[in-house]
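Residue numbers (this note's numbering): 19 to 144.
Right under this line is the structure:
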């Protein structure tokens with residue numbers, strides 16, 4: 019087996035915070051707030067660095083839901099609750115994980131798996 023090669027720290031890859039919303043919550047990307055079915059609002063602006071973005075992991079499903087084009091199945095509804103918080107370069111996701119987990123709309127928050135390449139995937143060293 020070929021050992022994994024870690025991505026260099028200077029590569030400036032941004033690692034997102036992966037979140038799953040509690041049932042009954044959704045993210046309004048236009049207003050940049052989380053809204054519950056009961057009308058509660060949560061705005062994370064103060065808790066994230068400037069230039070952070072919150073995006074759906076399934077943008078096609080999110081667009082279909084907004085357009086009202088299709089009735090979504092239960093698994094599709096669950097996928098709509100999965101989002102990513104993309105932080106600006108220089109802001110490690112691990113530093114914001116505890117804060118995000120305290121948000122009233124978040125059921126679960128985690129870091130994605132660590133990216134690595136198989137040894138030798140880049141070819142021989144020159």
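Note that the Cβ used here is the ideal one computed from N, Cα and C, for glycine as well. Since the model is a prediction, treat every value here as computed from it, not as a measurement.
Tell me whether the beta-carbon of residue i lies closer than 8 Å to the beta-carbon of residue j.
i	j	result
residue 76	residue 105	no
residue 31	residue 101	no
residue 103	residue 66	yes
residue 62	residue 130	no
residue 94	residue 79	yes
For a test of the three-state rule: what should DSSP assign to residue i, helix, strand or coil?
i	result
residue 56	coil
residue 128	strand
residue 39	strand
residue 99	coil
residue 144	Below a pLDDT of 50, predicted positions are generally treated as unreliable, and residue 144, at 45, falls in that range; no measurement from the model is reported.
residue 71	strand
Based on DSSP bridge pairs, tell me the residues matched to residue i.
i	result
residue 65	According to DSSP, which records beta bridges pairwise, residue 65 is partnered with nothing at all.
residue 118	Note: residue 118 sits in no beta bridge, so no partner.
residue 50	Answer is none; residue 50 lacks a bridge partner.
residue 44	53
Among residues of its own chain, excluding the 5 on either side of residue i, which ones have a beta-carbon nearer than 6 Å to its beta-carbon?
i	result
residue 52	43, 45, 60 and 123
residue 55	42
For residue i, I'd like the list of residues in its chain whose CB is within less than 7 Å of its CB, leaving aside the five on either flank, ordered along the chain.
i	result
residue 69	106
residue 128	36
residue 111	33, 34, 35, 105 and 129
residue 118	35, 37, 103, 124 and 127
What does a CB cutoff of less than 8 Å around residue i pick up in its chain, not counting 5 residues either side in sequence?
i	result
residue 115	35, 127, 128 and 129
Item to complete: Say whether the stretch 29 to 48 touches the stretch 122 to 130, bearing in mind that this needs 3 or more beta-carbon pairs closer than 8 Å, one atom from each stretch.
Response: yes
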